[in-house]
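Student: The sequence shown begins at 92 in our numbering and counts up one residue at a time. We treat Cβ as the ideally placed atom computed from N, Cα and C, and that holds for glycine. Predicted, not measured: the structure shown is a model, and the values here were computed from it. Below is the structure I would like to discuss, written out as structure tokens.
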Amino acid sequence: PAGEKPMVRSMLSESLRAVISQALLKKVGGGRTAAWEIMVGIPAIRNLIREDKVAQMYSAIQTGQAHGMMTLDQHLQDLVKRGMVTRQHAKEYAKDKRLFE
92 PAGEKPMVRS MLSESLRAVI SQALLKKVGG GRTAAWEIMV GIPAIRNLIR EDKVAQMYSA
152 IQTGQAHGMM TLDQHLQDLV KRGMVTRQHA KEYAKDKRLF E
């Protein structure tokens, strides 16, 4: 119910430790490798959840590398740089496709 959303956001923000998502990509030369995105439940992230500012979370993850956070696009760029996946294949999974043109 809509009336419970603030309470649920508050409960989630208090209990959240981290969220990790991953995708399996084809490696150059065969096999697969994981590309991941990591969001850590630091106070800034918890506050964004509590205040229903979910749209700003991606930016917080982008700038949160000191806390162990990484966007999928950042990890995809690293995999391309290390020659593990092709730029074209990384682009298929990227949020910001322009990074891989």
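Report the start-end ranges of each beta strand (DSSP E) in the stretch 114–173 that is 3 residues or longer and not cut off at the edges.
Tutor: For the stretch 114–173, whole beta strand (DSSP E) runs of length 3 or above, ordered along the chain, are 123–131.
Student: Work out the CA separation of R173 and G120 for me, nearest whole Å.
Tutor: Rounded to the nearest angstrom, the two C-alpha atoms are 13 Å apart.
Student: Look at the alpha carbon of R123 and the alpha carbon of A93, and state the distance between them as a whole number of angstroms.
Tutor: The straight-line gap from Cα to Cα measures roughly 42 Å.
Student: Hey, is the stretch 133–147 in contact with the stretch 161–179, meaning 3+ C-beta pairs nearer than 8 Å?
Tutor: Counting Cβ pairs under 8 Å, fewer than three are found: no touch.
Student: Using the C-alpha atoms, what's the distance from I133 back to L170?
Tutor: Between L170 and I133, the C-alpha separation is close to 26 Å.
Student: Pull up the CB-CB distance for A125 and A151, whole angstroms please, since I reckon it's below 8 Å.
Tutor: Actually they do not touch by this definition, with Cβ atoms about 23 Å apart.
Student: Can you tell me where the alpha helix (DSSP H) with M175 in it begins and where it stops?
Tutor: Taken as a continuous stretch (DSSP letters only), M175 belongs to no alpha helix (DSSP H), as it is neither H nor E.
Student: From E183, K188, P97, pick the residue whose C-alpha is nearest to that of N138; which is it?
Tutor: N138 has its Cα closest to that of P97, out of E183, K188, P97.
Student: To which residues does DSSP link S112 through a beta bridge?
Tutor: Looking at the DSSP assignment, S112 forms a beta bridge with E128.
Student: So what's K186 in DSSP terms, helix, strand or just coil?
Tutor: Coil at K186, not helix or strand.
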